[in-house]
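Reading through the structure tokens given below for one structure.
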Amino acid sequence: MSTIRVAVVDDHPIFREGVASCLMDIGGYDIVGEGGSCEDAKAIAQQADPDVMLLDISMPGGGLNAVASILERRPAQKIIVLTVSESHSDVATALKLGAKGYVLKGVGSRTLSEIVRAVQGGEMYLSPALSARMIADLSQVGNQPSATGIRDLTEREYDVLSLVAAGLTNKRIARDLDLHEKTVKHHLTRIFAKLNVSNRTEAAMAFRDAGETAPHYLG
Numbered sequence: 001m002s003t004i005r006v007a008v009v010d011d012h013p014i015f016r017e018g019v020a021s022c023l024m025d026i027g028g029y030d031i032v033g034e035g036g037s038c039e040d041a042k043a044i045a046q047q048a049d050p051d052v053m054l055l056d057i058s059m060p061g062g063g064l065n066a067v068a069s070i071l072e073r074r075p076a077q078k079i080i081v082l083t084v085s086e087s088h089s090d091v092a093t094a095l096k097l098g099a100k101g102y103v104l105k106g107v108g109s110r111t112l113s114e115i116v117r118a119v120q121g122g123e124m125y126l127s128p129a130l131s132a133r134m135i136a137d138l139s140q141v142g143n144q145p146s147a148t149g150i151r152d153l154t155e156r157e158y159d160v161l162s163l164v165a166a167g168l169t170n171k172r173i174a175r176d177l178d179l180h181e182k183t184v185k186h187h188l189t190r191i192f193a194k195l196n197v198s199n200r201t202e203a204a205m206a207f208r209d210a211g212e213t214a215p216h217y218l219g
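Going by UniProt numbering, 17 is the number at position 17 of the sequence shown; the sequence numbering is gapless.
Here you go:
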């Protein structure tokens, strides 16, 4: 398992140190920077070159300002917002700016580890509770992805999509369905095409628009 270089930026030192300690205890991580402000985040991104940065929103200078500034200079930087904010505006802004994940504090350490690895591997992640809320909001808007395409899915594609709607990463889906992670990605490519969508959130929205219910997942 390759080592992932992680930076943690949060203005609460105890929380920040706790996140860093948990990831180090799990293994496979190198904590290359810690800070507590927008300026710290920008400096760490430039000087430490982390693979993934965990970043709070509420801190001196503003976390969203940090996301915008960092990605303007370093568009390939992978940022996961780790925050207590459930604001639709904060979520939408963070993702629009280019953050690759939005995770609520209180997530378990091993789940956070899996999210970091998923984002490092090219996935995007949104906490399931927030995803469900955004999907509900988006479902009120016109020009929705095709829900009728659900009927065109194979049984395996349906299983994969239901777990996407439950908020699982590709790695967790692969484990639950006893598949290779690459196979899950291939299924998702076909699912997106059949539903006429371009990402996981739109696919989950189409799933729910069709009246389907995602499994409740604890983990």
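C-beta atoms are modelled at their ideal positions from N, C-alpha and C, and glycine is treated no differently. Please read all numbers here as calculations on a predicted model, not as lab measurements.
Nearest neighbour of S109 by Cα position, chosen from E123, K100, L82, A94, turns out to be L82.
Bounds of the beta strand (DSSP E) holding A7 are 4-9. In this structure, D56 is the residue among D56, G27, Y29 with its C-alpha nearest to the C-alpha of A41. Between the beta-carbon of N170 and that of E212 there is about 20 Å, and that puts the pair past the 8 Å contact cut. A residue is called buried once 16 or more other Cβ atoms fall within 10 Å of its Cβ, and K194 is buried on that count.
Ranking E17, L64, G149 by CA distance to the CA of A210 puts G149 first. In this structure S127 is not in contact with A204, their Cβ atoms being roughly 13 Å apart against a cut-off of 8 Å. In the DSSP assignment, the residues bridged to Y125 are G101.
As summarised for the UniProt domain "Response regulatory" (5-120), the continuous beta strand (DSSP E) elements at least 3 residues long and confined to that stretch are 29-35, 52-55, 78-83, 101-104, given in chain order. Here L153 is near I191, since their CB atoms are less than 9 Å apart. In the three-state reduction of the DSSP assignment, T154 falls in the coil class.
By the neighbour-count criterion, in which a residue is buried when 16 or more other Cβ atoms sit within 10 angstroms of its Cβ, I31 is buried.
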